[in-house]
Amino acid sequence: RRLDLRRPTGESLLRQVDWALNCGLPVPPQQLVTVAGLANSLFSSRFAHRAAGAVPDGPYRGAAQVELARAQFHKGEYAQAEELLGGVLQHAGDLATAKSAAVLRAQLLLRNGAVDALDGLADEWATAVDRLEAAQPRLAGTPAVVLSRTGCRLLRIQAMIAGGLFASPETELLQVLDADGASPEVELVARTLLADVFGATGRLQSAAALTRRALDLLHGNEAELLGYYEIVLAPHITALIRLGEYDDVTAELERYAGSGLRGPFYFGGSVTLAAAIIEILQSRPAQGLELLAAAVEGLRQLDLENLLPLALAVAAHTAATAGLAGLAESYLAGLADAEERPLHRLRLVGEGFAAAARFRLYQVPADLDQLRALMAEAKQLGLISDELDLRLLALRLGSLDGLDDLVKVAELSEGAAASLLTSLVRALRDEDMAAFLRILDNPSSRHILQPTLQNLRTPVLAPEDAAGTTGQRDFLAQVKRQLQKSLPSGTSLDTAPNGRSASGRARAGGRTRPAGASLTGPAGASRMGTAGGEDAAGTAGITPAGGTAATASTGGTRASVEPWTHAADAGVEPPQAAPVKLTRREHEIGGLVLEGMQNADIAERLGLSVRTVEGHIYRMFAKLHISSREELELGHLG
């Protein structure tokens with residue numbers, strides 16, 4: 001007997017094949033490959049591995065190897081994924097297998113920071129297409145061959161973008177989009193890559209328009225394009241955050257959560273990272289710090305796009321800004337130990353946040369010099385958005401150096417947020433108090449510029465170290481006095497709860513307990529959060545694991561998720577510590593964590609979903625005022 005798979009589709013097909021394999025019924029190899037691909041698109045790695053592993057040697061074995069590798073990739077087993085892909089592209093018996101192998105191999109190369117190898121991979125893919133076309137003359141000139149060759153071209157374009165080149169890729173991508181007969185997949189990929197170019201070069205509104213169209217394409221062709229959802233969503237959210245369109249960010253994340261797609265973007269910490277940014281941007285820094293702790297833990301478990309160094313740097317800077325020196329130092333220590341190798345742009349921004357965090361803690365001039373060197377590097381590469389972020393970090397420290405350059409780069413950036421920032425920096429440069437007061441009296445300006453205004457209220461740099469002209473330094477002192485009168489009291493960012501500055505306490509050797517997840521605010525749970533119970537994996541909450549407060553992720557972002565400068569600068573007053581009381585389940589899971597078990601293993605042991613286990617871990621860490629597994633001790637469990 002054989003299983004008849006002609007009618008069922010989607011998840012019902014997965015259930016039928018699972019049942020057939022349990023019963024020992026033979027399933028056609030082609031159907032096993034199809035089901036493995038479907039399972040991977042739904043990020044069900046366990047079942048994808050089972051279905052692909054059941055494919056015997058023969059014409060479908062190469063495709064099965066790709067699905068096995070993809071399942072390992074989704075689990076964070078990158079070396080195994082590399083090994084499984086070995087030789088598949090060179091011996092692929094069909095165009096689809098060659099394409100799948102090349103695309104997954106590209107993802108692995110990007111994760112490893114091996115941008116230079118992408119061109120060689122595109123050559124290997126093109127060679128495979130030539131070989132298949134020569135062996136099967138009927139393929140010549142068919143849409144499938146055209147699609148494969150366009151894929152090779154797009155991979156070369158992606159290599160240029162990842163390497164920091166933008167002019168040539170922009171021209172080529174516009175040519176791809178102008179070509180007749182482009183498939184929805186080609187259009188989606190080309191639009192997403194072009195959005196990456198526009199986002200890097202300050203054209204944020206144009207970038208958001210491109211990714212918005214790409215998302216429309218995806219939702220209109222979900223059967224074919226659903227696997228691209230997270231790839232498109234990351235640059236879209238990045239552009240919206242930089243534009244200050246926070247409601248649109250929330251709406252997109254709700255839409256993503258409602259899709260039921262639970263992939264690495266969701267579980268790996270990218271969603272939580274973006275949610276943290278939104279919280280801080282909307283004057284909820286306590287919840288933002290809580291979410292940053294959750295994001296770091298999630299990325300330590302699964303980080304497909306090397307976002308962990310960026311998340312650690314952002315968390316360190318946020319904690320330092322809030323006066324939590326011990327927490328900031330713990331994140332910086334984690335950053336020093338991180339093995340991930342982010343792409344160039346993520347590295348620039350991450351190193352900028354780390355330098356700013358260290359300067360806030362210790363006021364060592366070398367850290368400010370490093371921040372300025374990163375600005376110069378971003379400028380040389382034409383990374384307008386990143387240069388703006390880095391220059392804004394320096395301004396928020398109280399530096400008046402390079403105000404002309406900051407005005408220029410802000411003027412080159414699209415969007416209302418950049419326009420408001422331009423007005424503010426011009427007022428500082430030109431010592432124009434009337435213009436500054438107009439900004440301060442405008443609710444919209446205050447909302448968008450609040451993190452910067454809060455930092456100028458209590459700058460880290462002493463006036464004599466702020467650079468700029470004597471008049472500009474005197475004007476900044478007037479601005480500071482005006483802000484101290486106009487902004488709410490109790491929001492000083494460089495003062496700890498005991499009244500000592502974070503930097504002073506750090507120099508004195510004092511440390512606060514790592515408490516990134518303890519800074520709870522009034523919103524103790526997500527407004528769209530999970531519906532309670534042990535396993536809420538099917539709900540539409542946008543906060544992964546159901547364990548943290550948020551209203552709005554990537555990671556993120558790649559995450560793609562780069563505009564952190566605007567977020568990590570709002571004041572927060574930590575509450576008094578409360579007695580720690582863990583639930584029975586938290587005790588149980590905590591014990592298994594101490595045994596060295598990973599989340600997936602704990603879930604299998606206890607009969608829970610991975611998402612539920614992650615939720616318990618995040619809440620437990622919040623109660624215990626710790627931010628990583630390494631800090632958990634037996635004494636925490638009582």
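Counting in UniProt numbering, the sequence shown runs from 1 upward without gaps.
Even for Gly, the Cβ is constructed at its ideal location relative to N, Cα and C.
Since we're looking at a predicted model, the values are computed, not measured.
Which whole-angstrom value is the C-beta distance of residue i and residue j, which I expect to be below 8 Å?
i           : j      : result
Gly590      : Met620 : 6 Å
Ser385      : Gly202 : 5 Å
Arg391      : Leu368 : The Cβ separation is near 12 Å, so there is no contact.
Glu340      : Asp303 : 6 Å
residue 643 : Pro29  : It is not possible to answer for residue 643, since the shown part of the chain is limited to 1 through 638.
Pro184      : Leu217 : 5 Å
Leu188      : Ala208 : Rounded, the Cβ-Cβ distance is 15 Å, inconsistent with contact.
Leu253      : Ala276 : Rounded, the Cβ-Cβ distance is 12 Å, inconsistent with contact.
residue 641 : Ala51  : In this structure the chain extends from 1 to 638, so residue 641 is not present and cannot be described.
Leu424      : Leu449 : 6 Å
Ala311      : Ala328 : Going by Cβ atoms, the distance from Ala311 to Ala328 rounds to 14 Å, so no, they are not a contact pair.
residue 680 : Ala71  : Outside the displayed range of the chain (1 to 638) lies residue 680, so it cannot be described from this structure.
Arg372      : Ala320 : With a Cβ gap of about 18 Å, Arg372 and Ala320 do not count as contacting.
Tell me which same chain residues have a C-beta within less than 7 Å of the C-beta of residue i, skipping the five on either side of it?
i           : result
Ala92       : Gly62, Ala98, Ala101 and Ala128
Ile161      : Pro169, Leu193, Asp196 and Val197
Ala69       : Ala81, Leu84, Leu85 and Leu104
Tyr60       : Pro29, Gln30 and Val33
Ser413      : Gly202, Leu204, Ile384, Ser385 and Leu388
Thr422      : Val407, Ala410 and Glu411
Leu483      : Leu453, Leu456 and Arg457
residue 722 : Residue numbering for the chain in the displayed model covers 1 to 638; residue 722 lies beyond these limits and cannot be assessed.
Leu109      : Ala117, Leu118 and Leu121
Arg15       : none
Leu594      : Leu632 and Leu634
Ala477      : Pro463
Gly227      : Ser41
Gly350      : Pro309, Leu310, Ala313 and Pro342
By the 10 Å Cβ neighbour count, where 16 or more other Cβ atoms means buried, how is residue i classified, buried or exposed?
i      : result
Val364 : exposed
Glu279 : buried
Leu174 : exposed
Val572 : The pLDDT assigned to Val572 is 37, lower than 50, so where the model puts this residue is not dependable, and the model offers no usable value.
Gly269 : buried
Arg438 : exposed
Asn599 : buried
Asn306 : buried
Leu25  : exposed
Ala79  : exposed
Glu245 : buried
Ala486 : It is worth fixing the name first, because residue 486 is Ser in this sequence and not Ala. So Ser486 counts as exposed.
Asn584 : Correcting the residue type first, residue 584 is Arg in the shown sequence and not Asn. Answer is exposed; the Cβ neighbour count stays below 16.
Gly120 : exposed
Lys581 : exposed
Arg111 : buried
Glu464 : exposed
Arg284 : buried
Ser501 : Unreliable placement is indicated for Ser501, whose pLDDT of 32 sits below 50; no coordinate value is reported for it.
Gln90  : exposed
Ala549 : With a pLDDT of 31 at Ala549, under the threshold of 50, the predicted position of this residue should be treated as unreliable, and no value is reported.
Thr238 : buried
Ser399 : buried
Ala567 : Residue placement at Ala567 is flagged as unreliable, the pLDDT there being 41, under the threshold of 50; the coordinate-derived value follows with that caveat. Buried: at least 16 other Cβ atoms inside 10 Å.
Ala481 : Per the sequence presented here, residue 481 reads as Arg, with Ala not at that position. Classification of Arg481: exposed, given that the 10 Å Cβ count is below 16.
His236 : buried
Ser148 : buried
Arg46  : exposed
Please work out which residues of its chain come closer than 6 Å, Cβ to Cβ, to residue i, disregarding the five sequence neighbours upstream and downstream, and give them in chain order.
i      : result
Leu348 : Leu374, Ala378 and Asp386
Ala545 : Only weak support exists for where Ala545 lies, its pLDDT of 34 falling under 50; the value from the coordinates is given anyway. Taken in chain order, the residues that qualify are Arg611, Glu614, Gly615 and Tyr618.
Trp125 : Ala102 and Cys152
Ala357 : Ala316, His317, Ala320 and Ala328
For residue i, I'd like the list of residues in its chain whose CB is within less than 8 Å of its CB, leaving aside the five on either flank, ordered along the chain.
i      : result
Gln107 : Phe73 and Leu304
Leu210 : Arg191, Thr192, Leu194, Ala195 and Phe198
Could you tell me which uninterrupted alpha helix (DSSP H) segments, each at least 4 residues in length, are contained entirely in the region 395 to 444, listed from first to last along the chain? Those alpha helix (DSSP H) runs which fall completely within the region 395 to 444 and span 4+ residues are 403 to 411, 416 to 430 and 433 to 441.
Entirely within the region 270 to 353 and at least 4 residues each: give me those alpha helix (DSSP H) ranges in chain order. 270 to 281, 285 to 301, 308 to 321 and 325 to 337
Along the chain, which unbroken stretches of the alpha helix (DSSP H) at least 4 residues long are found entirely within the region 112 to 149? Runs found: 118 to 135.
For the region 41 to 116, which segments carrying the alpha helix (DSSP H) assignment without a break, of at least 4 residues, lie completely within its bounds, in sequence order? With a minimum length of 4 residues, the continuous alpha helix (DSSP H) runs that stay inside the region 41 to 116 are 45 to 53, 61 to 74, 78 to 85, 88 to 91 and 95 to 111.
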